[in-house]
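Here is the structure we will look at.
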Amino acid sequence: MSIDQKQKEIIEEFQLFEGDKESTIFHLMEIGESLSPLEDEYKTDKYIIKGCQSKVWLIAECKDGNVNFRADSNTAITKGIISLLIRVLSGEKAKSIVDADLYFIKEIGMGNIIGTQRSNGLVAMIKQMKLFALAFHNNEPAMSDLKLRHTRSND
Amino acid sequence: MIDIAQVRRDFKILNEKINGKPLIYFDNAATSQKPQVVVDALLNYYQQINSNVHRGVHSLAEKATNAFEKTRETVRGFINAKFTEEIIFTKGTTEGINLVARSLSKISLEKGDEVIVSAMEHHANIVPWQMVCDEVGAKLKVIPITLKGELDLDSFESLITPKTKIVAVIHVSNVLGTVNDIKGITKTAHKHNALVLVDGAQGIPHLDVDVQDLDCDFYAFSAHKVYGPTGIGVLYGKKELLEKMPPFLGGGEMISEVTFEKTTYNELPYKFEAGTPNIGDVIAFDSAVNYLKQKKEENIVAHENELLEYATKKLKEIEGIKIVGESDNKISVISFIVEGIHSFDLGMMLDAQGIEIRTGHHCAQPLMRALGIEGTARVSFAIYNTKEEVDIFVEELKRIVGKFARKK
Numbered sequence: 000m001s002i003d004q005k006q007k008e009i010i011e012e013f014q015l016f017e018g019d020k021e022s023t024i025f026h027l028m029e030i031g032e033s034l035s036p037l038e039d040e041y042k043t044d045k046y047i048i049k050g051c052q053s054k055v056w057l058i059a060e061c062k063d064g065n066v067n068f069r070a071d072s073n074t075a076i077t078k079g080i081i082s083l084l085i086r087v088l089s090g091e092k093a094k095s096i097v098d099a100d101l102y103f104i105k106e107i108g109m110g111n112i113i114g115t116q117r118s119n120g121l122v123a124m125i126k127q128m129k130l131f132a133l134a135f136h137n138n139e140p141a142m143s144d145l146k147l148r149h150t151r152s153n154d
Numbered sequence: 000m001i002d003i004a005q006v007r008r009d010f011k012i013l014n015e016k017i018n019g020k021p022l023i024y025f026d027n028a029a030t031s032q033k034p035q036v037v038v039d040a041l042l043n044y045y046q047q048i049n050s051n052v053h054r055g056v057h058s059l060a061e062k063a064t065n066a067f068e069k070t071r072e073t074v075r076g077f078i079n080a081k082f083t084e085e086i087i088f089t090k091g092t093t094e095g096i097n098l099v100a101r102s103l104s105k106i107s108l109e110k111g112d113e114v115i116v117s118a119m120e121h122h123a124n125i126v127p128w129q130m131v132c133d134e135v136g137a138k139l140k141v142i143p144i145t146l147k148g149e150l151d152l153d154s155f156e157s158l159i160t161p162k163t164k165i166v167a168v169i170h171v172s173n174v175l176g177t178v179n180d181i182k183g184i185t186k187t188a189h190k191h192n193a194l195v196l197v198d199g200a201q202g203i204p205h206l207d208v209d210v211q212d213l214d215c216d217f218y219a220f221s222a223h224k225v226y227g228p229t230g231i232g233v234l235y236g237k238k239e240l241l242e243k244m245p246p247f248l249g250g251g252e253m254i255s256e257v258t259f260e261k262t263t264y265n266e267l268p269y270k271f272e273a274g275t276p277n278i279g280d281v282i283a284f285d286s287a288v289n290y291l292k293q294k295k296e297e298n299i300v301a302h303e304n305e306l307l308e309y310a311t312k313k314l315k316e317i318e319g320i321k322i323v324g325e326s327d328n329k330i331s332v333i334s335f336i337v338e339g340i341h342s343f344d345l346g347m348m349l350d351a352q353g354i355e356i357r358t359g360h361h362c363a364q365p366l367m368r369a370l371g372i373e374g375t376a377r378v379s380f381a382i383y384n385t386k387e388e389v390d391i392f393v394e395e396l397k398r399i400v401g402k403f404a405r406k407k
């Protein structure tokens with residue numbers, strides 16, 4: 000499924016809640032719970048996304064040109080938010096991630112659900128994901144400390 | 000007895016809907032709502048007497064100056080200061096503390112001296128002292144707290160030495176609600192020739208503050224937490240100290256005469272009020288103080304205490320909830336933790352129901368560390384809150400906690 004298709008799917012999914020804030024928040028939390036856990040070794044300041052009120056840790060790996068993200072957060076709602084981003088962006092080509100227009104965020108009324116401060120955190124998450132993708136795309140060793148790994152199938 | 004329905008009519012904002020639900024405002028320790036008399040005073044100022052204060056010779060300036068200075072006298076009476084010039088208008092509590100820290104450090108803080116704060120301070124009463132201590136090479140010492148969330152006053156006695164110059168403590172903890180024994184602390188400090196600054200941001204809305212009785216040297220508070228406008232505050236300081244202290248900011252209003260060789264400073268209180276003050280908000284603050292004074296006479300303290308007791312009892316009945324701060328001498332705020340639910344998530348779930356509470360570290364990270372927690376959810380009450388609101392809040396909280404529990 001392309002980034003575009005995944006976004007459309009999420010928009011449809013969120014329409015079910017008809018803008019009810021609590022149901023939407025609760026759905027976000029449920030999405031977060033399905034996120035595969037991140038090992039404790041990555042839950043350090045090194046992997047933290049700066050600019051989020053809650054703690055969000057993010058790592059990225061690149062396999063055969065596809066970027067995979069994994070993340071965790073100390074709060075349930077934020078975990079749901081990063082899960083949504085991972086659902087849309089993970090497994091995609093680095094270039095597609097860099098170029099992605101994440102219109103679903105506006106479409107599902109995320110700003111209204113999570114408020115301005117958390118929206119800033121959301122922007123920080125997207126920025127960090129795109130930066131990882133950009134580094135892979137440019138084949139940069141930059142941020143090499145941040146669990147940024149290029150691997151090939153035969154590795 | 001206070002008529003809450005009548006009080007609520009004074010605050011139009013209480014009719015607002017949040018996410019389609021009637022607003023329940025339980026974040027009063029962050030800022031209180033403003034009664035109509037304050038909103039009207041602000042409007043009247045701009046519609047009728049807006050003019051710069053103090054130096055104008057025209058009639059409008061005279062009117063604005065009189066109204067501005069009237070607030071100063073009202074505040075003096077409100078906290079029972081001895082002299083009107085002991086009332087300095089600031090931007091808020093934070094600026095008041097910074098003023099004292101900056102100015103006082105120049106004349107009475109030297110290398111090797113000590114400043115004592117407490118483990119329950121708001122960042123506003125930690126960081127300014129840290130900054131001046133770093134500058135002069137003084138030491139910052141900390142009064143620890145007990146398990147109940149009270150100051151460990153025995154430790155305080157042993158912390159204080161002849162090197163201690165300043166003791167800076169919070170009157171009422173914005174996290175724990177604990178009311179500190181300022182009179183006792185002041186007595187001890189003065190015995191050792193140390194000065195006392197009180198962060199009164201949370202004390203002034205709920206307690207009868209008499210600075211002469213407390214005998215503290217400085218008392219700082221904000222207008223916006225006592226039903227007044229945002230952006231202004233008051234620093235009370237003993238006259239003989241303020242007179243000795245050098246100005247904090249330089250500029251207009253605070254001078255007597257300026258030449259390029261030398262500037263002489265204006266007298267109190269203007270020495271500490273550089274630049275055009277926040278005139279409109281100071282003038283509207285007069286209405287807020289008078290409003291609060293009247294409500295205090297109608298015994299709002301009893302009403303707020305009743306709400307606190309009622310809510311505490313109900314919260315304790317919910318499984319998995321732990322109250323943070325259990326002093327016997329506590330007012331107005333309840334901090335709590337819900338097992339398995341982060342306070343941010345809880346805050347957002349309650350907001351979806353129109354219930355506005357505070358979550359997080361409450362600008363008291365060292366306190367959070369001392370308590371071994373990351374943050375709390377906090378409800379804080381004001382005169383217009385009701386038992387019915389507490390009931391709705393508790394029901395919603397139960398429902399949310401249940402929803403989380405079922406998920407697990």
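Listed in order, the protein sequences are those of chains A and B.
Heads up: the first sequence begins at 0 in numbering that gives the first Met the number 0, then just goes up one per residue.
Heads up: the second sequence begins at 0 in numbering that gives the first Met the number 0, then just goes up one per residue.
In this text, a Cβ means the ideal position worked out from N, Cα and C, and glycines have one as well.
Give the interface partners of B/Ile-201 over in chain A, defined as CB-CB distance under 9 Å, in chain order. Locating residue 201 of chain B in the second sequence gives position 202, where the first residue counts as 1. The residue you asked about is not Ile; residue 201 of chain B is Gln in the sequence shown. Neighbours of B/Gln-201 on chain A: none; closest Cβ ~23 Å, over 9 Å.
Would A/Lys-20 count as contacting chain B if we go by Cβ distances under 8 Å? Taking the first residue of the first sequence as position 1, residue 20 of chain A is located at position 21. Answer yes: the Cβ-Cβ gap between A/Lys-20 and chain B drops below 8 Å somewhere.
Inspect the CB distances between the segment 199-212 of chain B and the segment 79-98 of chain B and report whether three or more fall short of 8 Å. yes
Using the three-state DSSP reduction, which class does A/Asn-155 fall into: helix, strand or coil? Here chain A comprises residues numbered 0 to 154, so residue 155 of chain A is not present and cannot be evaluated.
Using a C-beta to C-beta distance shorter than 8 Å, which residues of chain B count as neighbours of A/Gln-52? For this step, residue 52 of chain A is matched to residue 53 along the first sequence. What A/Gln-52 touches in chain B: Phe-343 and Gly-359.
Please decide whether B/Ala-351 counts as near chain A, where near means a Cβ-Cβ distance under 8 Å. Against the second sequence, residue 351 of chain B aligns to sequence position 352. It does: the Cβ of B/Ala-351 has a partner Cβ on chain A nearer than 8 Å.
DSSP three-state label for B/Pro-365, please. Taking the first residue of the second sequence as 1, we reach residue 365 of chain B at position 366. Reduced to three states, the DSSP call for B/Pro-365 is helix.
Leaving out five residues before and five after B/Val-52 in sequence, what residues of the same chain have Cβ atoms less than 6 Å from its Cβ? Translated into positions along the second sequence, residue 52 of chain B becomes position 53. Cβ within range, chain order: Ala-63, Thr-64, Phe-67 and Ile-278.
When the Cα atoms are used, what is the spatial distance from B/Asn-43 to B/Val-281? What you label residue 43 of chain B is simply residue 44 of the second sequence in a count that begins at 1. What you label residue 281 of chain B is simply residue 282 of the second sequence in a count that begins at 1. Approximately 13 Å, taken between the alpha carbons.
Could you tell me which chain B residues have their CB closer than 9 Å to the CB of A/Ala-132, listed as they occur along the chain? Along the first sequence, read from residue 1 onward, the residue named residue 132 of chain A stands at position 133. Per Cβ cutoff of 9 Å: no residues; A/Ala-132 is ~28 Å from chain B at best.
Proximity of B/Ala-351 and A/Glu-21 at Cβ, strictly below 8 Å: Within the second sequence, residue 351 of chain B is the residue found at index 352, counting from 1. Within the first sequence, residue 21 of chain A is the residue found at index 22, counting from 1. Yes, the Cβ-Cβ distance between B/Ala-351 and A/Glu-21 is below 8 Å.
Whole angstroms is fine: what's the gap from A/Asn-153's alpha carbon to A/Asp-63's? Against the first sequence, residue 153 of chain A aligns to sequence position 154. Against the first sequence, residue 63 of chain A aligns to sequence position 64. At A/Asn-153, the pLDDT of 41 sits below 50, so the modelled position is not reliable; the number obtained from the coordinates is stated separately. Looking at the two C-alpha atoms, the distance is approximately 10 Å.
Could you work out which residues of chain B lie near A/Asn-119, taking near to mean beta carbons separated by less than 7 Å? One-based indexing of the first sequence puts residue 119 of chain A at position 120. Within chain B, no residue comes near A/Asn-119; the closest Cβ sits about 14 Å away, beyond 7 Å.
Let me confirm a value: A/Asn-138 is counted as buried when at least 16 other C-beta atoms fall within 10 Å, else exposed. Which label applies? Here residue 138 of chain A refers to the residue found at position 139 of the first sequence. So A/Asn-138 counts as exposed.
Tell me which residues of the segment 67-90 of chain A have at least one Cβ-Cβ distance to chain B shorter than 7 Å, keeping chain order. Asn-73, Thr-74, Ala-75 and Ile-76
If we define contact as Cβ-Cβ less than 8 Å, is A/Ile-58 a contact residue for chain B? The residue labelled residue 58 of chain A in the question sits at position 59 within the first sequence. So, not an interface residue.
Expected contact under 8 Å - CB spacing of B/Ala-222 and B/Ile-231 to nearest Å: By 1-based counting over the second sequence, the position of residue 222 of chain B is 223. By 1-based counting over the second sequence, the position of residue 231 of chain B is 232. Indeed they touch by this definition, with Cβ atoms about 5 Å apart.
Please work out which residues of its chain come closer than 7 Å, Cβ to Cβ, to B/Phe-88, disregarding the five sequence neighbours upstream and downstream, and give them in chain order. Walking along the second sequence from the start, residue 88 of chain B turns up at place 89. Excluding sequence neighbours, B/Phe-88 sits near Ile-231, Val-233, Glu-272, Pro-276 and Val-281.
List in chain order: all unbroken alpha helix (DSSP H) runs of 4+ residues lying wholly within the segment 165-194 of chain B. 181-190
Assigned secondary structure, B/Ser-157 (DSSP; H/G/I helix, E/B strand, else coil): Residue 157 of chain B sits at position 158 when you count from the first residue of the second sequence. Three-state DSSP puts B/Ser-157 in a helix.
In this structure, does DSSP put B/Phe-335 in helix, strand or coil? In the second sequence, residue 335 of chain B corresponds to position 336, counting from 1. Of the three classes helix, strand and coil, the one that applies to B/Phe-335 here is strand, per DSSP.
Proximity test, Cβ basis, 8 Å: B/Met-367 and chain C: Looking at the structure shown, chain C is missing, and the protein chains on hand are A and B.
Applying a beta-carbon distance threshold of less than 7 Å, which residues of chain B neighbour A/Ile-24? Against the first sequence, residue 24 of chain A aligns to sequence position 25. Those are Met-347, Met-348 and Ala-351, listed as they occur along chain B.
Where in the segment 69-127 of chain A do unbroken runs of the alpha helix (DSSP H), each at least 4 residues long, occur, reported from the N-terminal end onward? 75-88, 93-98 and 103-106
Does DSSP classify B/Glu-316 as helix, strand or coil? Stepping through the second sequence from its first residue, residue 316 of chain B is reached at position 317. Three-state result, B/Glu-316: coil.
Cα separation between A/Leu-34 and A/Ala-70? As a first step, residue 34 of chain A is located in the first sequence; it is residue number 35 there, counting from the start. As a first step, residue 70 of chain A is located in the first sequence; it is residue number 71 there, counting from the start. If you take the alpha carbons of A/Leu-34 and A/Ala-70, they lie about 8 Å apart.
Pair within 8 Å by beta-carbon distance, B/Val-135 and B/Glu-109: What you label residue 135 of chain B is simply residue 136 of the second sequence in a count that begins at 1. What you label residue 109 of chain B is simply residue 110 of the second sequence in a count that begins at 1. Result yes, Cβ atoms of B/Val-135 and B/Glu-109 sit closer than 8 Å.
I'd like to know whether the C-beta atoms of B/Leu-41 and B/Tyr-24 end up nearer to each other than 8 Å. Counted from its first residue, the second sequence places residue 41 of chain B at position 42. Counted from its first residue, the second sequence places residue 24 of chain B at position 25. Against a cut-off of 8 Å, the Cβ pair of B/Tyr-24 and B/Leu-41 comes out as no contact.
What residues in its chain sit with their C-beta under 8 Å from that of B/Val-389, if we drop five residues either side in the sequence? Here residue 389 of chain B refers to the residue found at position 390 when the second sequence is read from its first residue. Excluding positions up to five away in sequence, the list reads Leu-306, Tyr-309, Ala-310 and Lys-313.
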